[in-house]
Each structure stands twice: as C-alpha cells, then as structure tokens.
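For the protein sequence lines, the chains are D and L, in the order given.
If you're matching positions, the first sequence starts at 1 in full-length UniProt numbering and goes up one per residue.
If you're matching positions, the second sequence starts at 1 in full-length UniProt numbering and goes up one per residue.
These notes are about the structure you will find just below.
2 protein chains.
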Amino acid sequence: MNTVFKALADPTRRQILDLLKKGDLTAGEIADHFDISKPSISNHLNILKSADLVMSEKKGQYIVYSLNTTVFQDVITWLINVSGKGNETP
Amino acid sequence: MNTVFKALADPTRRQILDLLKKGDLTAGEIADHFDISKPSISNHLNILKSADLVMSEKKGQYIVYSLNTTVFQDVITWLINVSGKGNETP
DNA sequence: AAGTTATTTAGTTAATTATCTAATTATCTA
DNA sequence: TAGATAATTAGATAATTAACTAAATAACTT
C-alpha cells in the first residue's frame with residue numbers, strides 16, 4: 001500500500017498514468033511526452049510497475065505499458081474509508 | 001494536488017489520518033501513538049495541514065486536530081477518472 | 001554479421017525529506 | 001509571579017529520491 005502511495009506522489013508518474021489512461025504506449029512513446037531522459041522515465045515506469053499500477057508486455061523490440069486498474073480500487077477504498085465513514089457521532 | 005499526494009505518501013501521516021478518523025485529538029495525544037519525537041509529529045501535522053487534509057483549532061493550552069474530509073474527494077475523483085473511465089474503446 | 005533502434009542497468013550527483021536535539025512561545029495552576 | 005505543561009520553531013544530520021551520463025542488452029534491418 002505504501003508503495004502505491006509513494007508511486008502516486010510524483011507528478012511525472014501521475015502524468016504517465018494519465019497518458020496510459022488514453023491507451024497503451026511503448027516506453028519510448030511515453031518518454032517522448034516529457035523533457036526528461038529516457039533512463040529517468042524508465043525508472044519511473046519501474047516504480048509504477050513495482051506498485052502494480054502499470055503492466056508491461058514485450059512486443060518484439062518494444063515494451064508496451066498499460067494501466068493495471070485493479071490496484072487503484074484499494075487506494076480509493078482507503079480514502080473513502082478514512083474520509084467518509086466513521087464520522088457519524090454514534 | 002501534488003501537496004496532497006505527497007502528504008499521503010508517508011505511512012506515519014496516513015496513520016495520523018486513521019487516528020483522526022475516530023475522533024479529534026490534540027497534538028500531544030497524536031504524538032503519544034508513535035515512537036517518534038513530538039517535533040517530528042508536529043512537522044507531519046504541518047504537512048497534513050498544508051495539504052488541507054487536517055484542520056487545527058487552538059483550545060486553550062492545547063491544539064486540537066481534526067480531519068478535513070473535503071479534500072479527499074478530489075483525490076478520489078482523480079483516481080476514479082484515471083482508473084475507471086476512459087477505457088471504453090470508442 | 002554489422003549497424004541501428006529501443007529499453008534498461010549501473011553508478012553518480014543534487015535535491016528533498018524525515019528525523020533528532022535544543023531552544024522558544026504560549027498557557028495554565030498553585 | 002514562578003514553575004510546569006503543550007506545542008512549535010530552528011538548525012543539523014542521515015536517508016531517500018529524482019535526475020543525469022555512460023554502458024549493456026536485446027531485437028530488428030539490410
């Protein structure tokens with residue numbers, strides 16, 4: 001859970017997720033959207049992958065990244081739980 | 001928005017939010033739950049306050065902290081948007 | 001097989017962050 | 001008002017993180 005929050009705490013990584021929302025992309029295509037070196041983007045992708053927020057699949061010479069939407073639900077649940085419920089005066 | 005994600009990216013701060021979910025607490029009461037110095041907790045509270053995740057109110061000698069639930073909704077919305085919608089092949 | 005392209009790994013550096021101790025400010029009580 | 005308690009601010013240090021360049025790996029093309 002901490003890994004996920006840490007991964008989400010960087011604006012570049014959130015932008016990457018925003019890009020992938022629109023469709024799958026190769027590592028290179030993702031890097032092209034940023035003014036950051038490819039190795040740095042590679043590192044960000046790794047962090048997102050470790051947090052299970054994205055998946056990667058090798059397609060020949062390319063590596064295609066895509067969103068893994070399942071983990072988001074856990075974060076949403078935590079947030080709803082901490083913010084929404086438990087506030088009723090019993 | 002970045003401030004909020006950064007604030008949520010620390011386990012101690014998330015624990016503080018979990019505590020406040022159950023009810024308001026003074027800075028000292030919060031610090032008592034942790035093995036960390038009071039100044040460190042004070043710093044964490046400051047970060048949570050800057051992110052508008054908590055509010056503080058001076059009650060005499062004490063400062064009472066409480067959850068500010070409104071900001072959580074923005075984070076939830078972002079997460080739902082990035083994970084849920086936009087995946088339909090149009 | 002030699003060269004080119006895509007991506008990652010390794011190693012380094014600079015910036016940020018979490019923590020600590022010590023000192024300060026403010027409030028309460030005897 | 002003097003002493004005790006609550007919380008913060010200040011300043012220092014250690015750990016983490018984001019970024020870079022250079023090198024390595026893997027797959028495609030001619």
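In this text, a Cβ means the ideal position worked out from N, Cα and C, and glycines have one as well.
Amino acids of chain L, ordered along the chain, whose beta-carbon sits closer than 8 Å to that of residue i
i	result
P39/D	The premise fails here: P39/D is roughly 23 Å from chain L at the closest Cβ pair, so nothing lies under 8 Å.
L17/D	V82
K49/D	Per Cβ cutoff of 8 Å: no residues; K49/D is ~16 Å from chain L at best.
Closer than 9 Å at the beta carbon, the chain D residues around residue i
i	result
F5/L	F5, L8, A9, D10, P11, R14
F72/L	L79, I80, V82, S83, G84
Residue of the options minimising C-alpha distance to residue i
i	options	result
T73/L	L79/D, Q73/D, D74/D, E57/D	Note that residue 73/L is Gln in the sequence shown here, rather than Thr. Residue L79/D is the option with its Cα nearest to Q73/L.
A9/L	G23/D, Q15/D, M1/D, L25/D	M1/D
V4/D	V82/D, N81/D, I76/D	I76/D
K59/L	S50/L, L25/L, V82/L	L25/L
L41/D	I30/D, K22/D, N81/D	The amino acid occupying residue 41/D in the given sequence is Ile; Leu does not appear at that position. Among I30/D, K22/D, N81/D, the Cα nearest to that of I41/D is on I30/D.
Residues that residue i contacts on chain L, provided the C-beta gap is smaller than 9 Å
i	result
T26/D	Under the 9 Å cutoff, chain L gives no residues; its nearest Cβ is about 19 Å from T26/D.
Sequence-distant residues of the same chain with beta carbon closer than 7 Å to residue i, five excluded per side
i	result
N87/D	Residue placement at N87/D is flagged as unreliable, the pLDDT there being 46, under the threshold of 50; the coordinate-derived value follows with that caveat. If we look at N87/D and ignore the five residues flanking it on each side, it has no Cβ neighbours.
L20/L	V54, Y65, S66, L67
S50/D	T3
Cβ shell of residue i (< 6 Å), same chain only, five flanking positions each side left out
i	result
D52/L	N68, V71
I47/D	A7
T12/L	H44
E57/D	V64
L17/D	none
Contacting residues, own chain, Cβ-Cβ under 8 Å from residue i (five flanking each side not counted)
i	result
G28/D	K38, Y62
Q15/D	H33, F34
S83/L	none
Contacts of residue i in chain D (Cβ-Cβ under 8 Å)
i	result
V75/L	L79
7 Å Cβ cut-off: residues of chain D touching residue i
i	result
N2/L	P11
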